[in-house]
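Read through the structure below, which is laid out as structure tokens, and then see the notes.
Numbering (my numbering), first residue to last: 5 to 124.
Laid out in structure tokens, this is it:
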């Protein structure tokens with residue numbers, strides 16, 4: 005027969021589930037752990053964005069600029085010759101195109117161009 009003192013299995017008997025209850029201290033710990041990644045992300049973002057400067061230091065000295073409005077019939081070649089008669093116009097045209105973000109040497113009347121101040 006069965007072992008003495010063994011409790012018979014009761015069909016349909018289930019252990020009651022207990023609900024998770026957090027104390028005030030437990031809620032503070034859970035909230036802190038949930039907010040920690042957000043706080044770290046904000047801190048990293050704030051520290052990594054400061055001190056950024058746009059610019060290229062290619063060893064050349066700083067250059068002052070002036071502007072000119074393109075007239076009817078003006079070309080970059082003519083403008084380059086007028087601002088730097090002793091320089092190679094191709095180099096001056098390249099610098100004008102670079103300063104103004106031009107893809108080609110075509111300019112339109114009324115267009116404002118930034119010119120490099122050529123010393124000499």
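Just so you know, even glycine gets a beta-carbon here, dropped at the ideal spot from N, CA and C.
All of these numbers come straight from a predicted model, not from anything done at the bench.
- Straight-line spacing of the CA atoms in residue 35 and residue 25 works out to 14 Å.
- With at least 16 other beta carbons inside 10 angstroms of its own, residue 96 counts as buried.
- When beta bridges are read from the DSSP output, residue 71 appears opposite 118.
- Counting every other CB atom within 10 Å of its CB across the protein chains shown gives residue 51 a total below 16, marking it as exposed.
- For residue 25, there is no enclosing alpha helix (DSSP H), as DSSP gives it neither H nor E.
- The Cβ atoms of residue 113 and residue 75 lie closer than 8 Å to each other.
- The alpha-carbon separation between residue 29 and residue 18 amounts to approximately 32 Å.
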